[in-house]
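Data block below; observations after.
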Amino acid sequence: MAPILKALKEAEGPMLVRDVVQVTGIPRPRVSGALARLHSRGLVGRYKVEEQRLGPSGHPTTYRFWCYQFIVENDE
Numbered sequence: 001m002a003p004i005l006k007a008l009k010e011a012e013g014p015m016l017v018r019d020v021v022q023v024t025g026i027p028r029p030r031v032s033g034a035l036a037r038l039h040s041r042g043l044v045g046r047y048k049v050e051e052q053r054l055g056p057s058g059h060p061t062t063y064r065f066w067c068y069q070f071i072v073e074n075d076e
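Quick look at the structure:
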């Protein structure tokens, strides 16, 4: 979940529908699972995950995800 949370915290301010956060090299179930846990804790609102292949087979897959009603508290 840490890479997902890090990607969210690096996003510029509250996200809108058109905003996209990308993570690379993490399996889709881990991305979806992390977002589901963050959603259940109230840290993100609705979200959508989609796959984007970069390069030929065997290269890392990038998963782009949208977070609507984006909320992440800064714990630093």
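Residue numbers for the sequence shown follow the UniProt record's numbering, so the first one is 1 and each next one is one higher. Where a beta carbon is used, it is the ideal one built from N, C-alpha and C, also for glycine. Predicted, not measured: the structure shown is a model, and the values here were computed from it.
#### Entry: For Val31, the three-state DSSP class (helix, strand or coil)
helix
### Query
Where Leu43 and Arg37 are concerned, what is the direct C-alpha to C-alpha distance, given to the nearest angstrom?
9 Å
### Query
Under 8 Å between the Cβ atoms of Arg30 and Val49?
no
### Ala34 versus Arg46: straight-line alpha-carbon distance, rounded
13 Å
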